[in-house]
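Here's the structure we're looking at; comments come further down.
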Amino acid sequence: MPPFLDWVSSFSHQVQRVTASCLLHPLVVDAADHHDFSVVNTAGEESGGDISCFNCGKDESEDGEEGDVEVPGRDKEVLAEMETILAEVFEAAANLKRAYVSLQEAHSPWDPDKMRVADVAVVSELRRIEVLKERYRQSAGGGRRRVGAATLREVVAPYEAVVEDLRRELKSKEAEIEILKEKLETTSSPCCGAKKGKSKQKAKNCSSQSQVAMPLAPELFENTMSLVKGASKSFTALLLSLMRSAHWDIAAAVRSIEAASSAAVASAGAIIGTNRARYALESYLNRKMFQGFEHETFYTDGGLSSVADPEQHRRGCYTQYRDMKAMDPAELLGILPNCSFGNFCFKKYLAIIHPKTESLFGDLGQRRQVLAGNHPRSQFYGEFLELAKAVWMLHLLAFSVEPPWPC
C-alpha cells in the first residue's frame, strides 16, 4: 500500500476513535449550554439583536407552563383528609385493643354477657378499620366525594347492630322487672279479689299488671331456650369429634346409645344412612337431659317444697335463676359441689355418658370422680356443665312462674 494511503487510513482511524469517544463521553451540561449560548450569541450579533427576542419568548413560555400547575390548596385538602383518616385509624386501633382486653377479661371468670358485648365491639372496630382502608383507597383515587354517604353508612352499620342487640337485652331486662313487680304486688296483696271489701279499681289494676307482665315473660324463656340449644349443639359436636378421633364406627355408636329405645333404633339406620348422626346423638342427649323436667328437682330427691309452700318455692327458683345467670358453673360447683344443681349434674352425667362412651378418654377416671362426688376440671366435663346449666336455668324459670290469680 502507498505511504499516502497508509497516512489517510491512519487519519481516518483517529477520526473514528475521537468520534466514538465523543459519543461515549458527551460534554457536561454547563459546557453544552455555554457552547449553545455562544452560538446563539454569535448568531444574534450577526442578525442584529435577535437573541433578546429569543430570551423573551423563552420566559413567556415558562410563565405559561407555570400557570398550568395546580393550586397548592388542593394538596392541603388531600393532606388534611389523610391526616383525618390516620387519626381515625389510631383511634380504631386503640378501641380494638380495649375491646380485646375486655374479651380476655370475660373469659376468666366466664361472663357470657360481657363476652358477647366485647365480641361485638371487636367485630365493630375491625369493620371500622376496613372502612377506613376503603376510604383511603378512594381518596387516593379521587372518588372521595362520590362515596361519602356510602362510607358513612358503612361506619354506622356496626354500631346500629350493637344498638339493636342492646335493645333486645333491654327488653329482656324489662320483662324480668315486670315479673319482679308482679311478685311484689302479689306478696303485699296475695289476691286481688279473694278478700271481701276490696275495691273494683284495685282488681282492675291487678288484672292490667298481669296483662302487661305475662306477654313479656316468654322472652325470658326464648333467651334461655336459645342457650340450651347452643350448649346442646356444642356438646354434641365435641362428643362426635372425640368419637371420630378414636376411629369409632359412628353408626354403631349411635345405635348403642339409642339401645334403650326400640323406636329410636328403628329410625337410627335411616338417619345414619343420610349422614345425620349428629341429629340422632343430639336428640338422645336432649331426651336424657329433659327427663324429669316436670319435677322440682328432676327426681334427684323427694323434695316437695313446691307443694308445701308454692309461693316461697317460686321466689326461690327465680332468685336462683337470677344468681346463676352470670356464674361459671365450674366455679359454683367448686364451692358447693353437693348443691341441688351439683346433684343434678351428677345424675345426668352418669345417665348420658355410658362407660363405653367414656372409654374415648382412655380410662374411666372422670366417671370415678363423679361417682366419688367430685366434679372433674376437664374440657369435656366443662362443656357438659354448660349444657347442664342451661337446662337447669330453664327449669328454674319454669318453676318460678305462678298461675294468674283469679280476679
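Reminder that position 258 of the sequence shown reads as 258 in the UniProt record's numbering, one-by-one numbering, no gaps.
Ideal Cβ positions, reconstructed from N, Cα and C, are used throughout, including at glycine.
All values reported here derive from a predicted model rather than from experimental measurement.
In the DSSP assignment, aspartate 323 falls within the alpha helix (DSSP H) that extends over 310-324. Non-local C-beta neighbours of alanine 118 in its own chain, meaning closer than 7 Å and more than five positions away in sequence, comprise Ala99, Ser102, Leu103, Ala106, ordered along the chain. Nearest in C-alpha terms to alanine 252, of all of Leu285, Thr357, Val401, Met289, is Thr357. Going by DSSP, proline 355 is part of the alpha helix (DSSP H) stretching over 355-358. Membership of histidine 395 in the alpha helix (DSSP H) is indicated by the continuous run 379-399. Per DSSP, glutamate 402 lies in no alpha helix (DSSP H) and is assigned neither H nor E.
For leucine 364, the secondary structure class from DSSP, reduced to helix, strand or coil, is coil. Under the criterion of beta carbons closer than 8 Å, tyrosine 321 and leucine 397 qualify as touching, at roughly 5 Å. Approximately 5 Å separates the beta-carbon atoms of leucine 238 and glutamate 383; this is inside 8 Å, confirming the contact.
Counted as a single uninterrupted DSSP element, the alpha helix (DSSP H) harbouring cysteine 345 occupies residues 340-352. Check the Cα spacing between alanine 246 and each of Phe380, Ser359, Val89, Val131: the tightest is with Ser359. Around the beta carbon of leucine 333, 16 or more other beta carbons sit within 10 angstroms, so the residue counts as buried. Just measuring C-alpha positions, the residue of Glu219, Gln369, Ser108, Gln138 sitting nearest arginine 167 is Glu219. Counting only runs of 4+ residues, the alpha helix (DSSP H) found wholly inside the UniProt domain "DUF641" (80-188) occupies 112-141, 148-188, in chain order. In this structure, the beta-carbon distance from leucine 394 to alanine 231 does not fall below 7 Å. Around the beta carbon of proline 355, fewer than 16 other beta carbons lie within 10 angstroms, which makes this residue exposed.
Here proline 329 is buried, its C-beta having at least 16 other C-beta atoms within 10 Å. DSSP, reduced to helix, strand and coil, places glutamine 369 within a helical segment of the structure shown. Rounded to whole angstroms, asparagine 338 and aspartate 113 show a C-alpha spacing of 27 Å. Of Thr84, Lys229, Phe90, Ala277, the smallest CA-CA separation from phenylalanine 290 is found for Lys229. It is roughly 8 Å from the alpha-carbon of methionine 243 to the alpha-carbon of aspartate 249. Residue state for proline 376 is assigned as coil, using DSSP reduced to three classes. Counting of Cβ neighbours within 10 angstroms places glycine 342 among the buried residues, the total reaching 16 or more. Residue range 277-289 is occupied by the alpha helix (DSSP H) that includes tyrosine 279.
DSSP places leucine 333 inside the alpha helix (DSSP H), whose first and last residues are 329-335. Cβ-Cβ distances below 7 Å link tryptophan 110 to Asp328 in the same chain, with the five nearest sequence neighbours on each side left out; the list follows chain order. For the pair cysteine 317 and glutamate 134, the Cα-to-Cα distance works out to about 52 Å.
When DSSP states are grouped into helix, strand and coil, aspartate 75 belongs to the helix group.
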